[in-house]
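For the sequence shown, the working numbering assigns the number 193 to the initial residue and increments by one for each residue that follows. Here's the structure we're looking at; comments come further down.
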Amino acid sequence: MAANQNTDSTVNFDQKFFTAVEGSYFRKSAHTDEPVFILNLGGEEVVLSIPGICREFEIEENTPDYNMLQMVITGLDYVKVLMPGDTFPKELLTGEASWEITDKHRQIARQRVSMQLVSWMAGEENLITDPAQLIQVADDPAMKKKVTTAFEQAAEALDNPNANAEMVIDLIEDLAEELAYIETLREQFRDVLSMEVKIKRVRNGAAKQRSILDNATSVAKLISKAVIEFRDEFDTADGQTGEIISVLKNIVSQKEYIRGVRDSLYRRLVAWDDLLRGWDRQSGRIAADTPDLLRETYRFLAPRYMEVDSWLLAGKAQQSLIDVEKTGATWGKS
């Protein structure tokens, strides 16, 4: 979402219902991924849908509370929980990321851009995204000399009479800071790839356990679709930033594009956190908790990556629970 300097920076409502019960908060439903409001009544959580709340309290479109709810809904793409009084994620306020990157990823991004300049100088536009390869050449004296020469030639290619090597270095640093977020997400994506490998190991080892085999086969197909979608998005982002001189000439629009990709990838990857932790504890061999983890993984992947008609048929057994959260039918119930 584009930065909005004119919005409130904290979750704040005129309707007193939202603060009537201490500890109430917004999150996404574990079953439908829809934003919901949670009331803690006597130690039990009451799940209320946003549309249900709007109907109950006659919160109309384009009113302050309605607009605040829309901000909350968007904010839940970046954080798991928002409570009244919380500050909104920086993605909504300034366009910056609300999560941190490491110097390692900054180095990878800086080296990636520098290598793009070197390949451009050689008359090619090769794009290196393998971190190990980038770090390996970072301290090569011969490569450092080529990078220095590339900075000088890039300054001439910028069509700016004031351009010099120092300006190019500043542009590279600016671009690398944004790309470092993509590199961080690329590393997190490797956890998804590791999860895929383990699921396929479970499938291959379950020949004599029909129930596990069937579940693992279904989950393996779904995660393969997820991996393809993630790879396509990374490839598109890499391609968009591949022509390095054009990128440096249009640094403002390129930074905006990179931030859009960053937010899109982050929104999708953050939803995987709990599953990735579960599979991180797995070896790929069938264990006592493997069947439950497979079922949990299926419930997560199916609504996201299965064809709609197939998902509706497969999900009939869970439909009553899903309807409860979607319609707000839990009013006054635990």
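No residue lacks a Cβ here, since even glycine has one placed at the ideal position from N, Cα and C.
| query | result |
| --- | --- |
| Who are the near neighbours of A521 in its chain, counting only those whose CB is closer than 6 angstroms to its CB and skipping five residues on each side? | Because the pLDDT of A521 is 42, which lies under 50, any placement of that residue in the model is unreliable, and the number read from its coordinates should be weighed accordingly. Closer than 6 angstroms at the Cβ level, and outside the excluded window around A521, lies no residue. |
| Quick check on G277: buried or exposed, where buried means 16 or more other Cβ atoms within 10 Å of its Cβ? | exposed |
| Using a Cβ-Cβ cutoff of less than 6 angstroms, which residues in the same chain neighbour K336 once the five nearest sequence positions on both sides are dropped? | none |
| Note the first and the last residue of the continuous beta strand (DSSP E) segment covering N232. | P227 to L233 |
| Taking all protein chains shown into account, decide if G234 is buried (16 or more other Cβ within 10 angstroms of its Cβ) or exposed. | exposed |
| DSSP three-state call for W503: helix, strand or coil? | Low local confidence applies: a pLDDT of 48 at W503 is under 50, so the model's placement there is unreliable, with the coordinate-based value given in what follows. Reduced to three states, the DSSP call for W503 is helix. |
| Straight-line CA distance for D366 to Q432? | 17 angstroms |
| When burial is assigned at 16 or more other CB atoms within 10 Å of the CB, is A398 buried or exposed? | buried |
| Closest to I300 by C-alpha separation, out of D351, Y373 and A347, would be which residue? | Y373 |
| Using the C-alpha atoms, what's the distance from L440 back to W503? | With a pLDDT of 48 at W503, under the threshold of 50, the predicted position of this residue should be treated as unreliable, though the coordinate-derived value follows. Distance between the alpha carbons of W503 and L440: 45 angstroms. |
| Taking only the alpha-carbon atoms, compute the straight-line gap between D257 and T266 and give it to the nearest angstrom. | 14 angstroms |
| Short of 8 angstroms in beta carbon distance, which residues of its chain neighbour A412, apart from the five on each side in sequence? Order them along the chain. | E388, I391, K392 and R395 |
| Using 8 angstroms for Cβ pairs, my map puts L363 next to R454. What's the rounded Cβ distance? | Actually they are not in contact, since the Cβ atoms of L363 and R454 sit about 19 angstroms apart, beyond 8 angstroms. |
| State whether the segment 473-486 contacts the segment 305-322, with contact taken as three or more CB pairs (one from each stretch) at a distance under 8 angstroms. | no |
| In three-state terms, what does DSSP make of Y373? | helix |
| For M307, which residues of its own chain have a beta-carbon under 6 angstroms away from its beta-carbon, when the five flanking residues on both sides are left out? | I320 |
| Determine which residues share a DSSP beta bridge with L274 and list them. | F218 |
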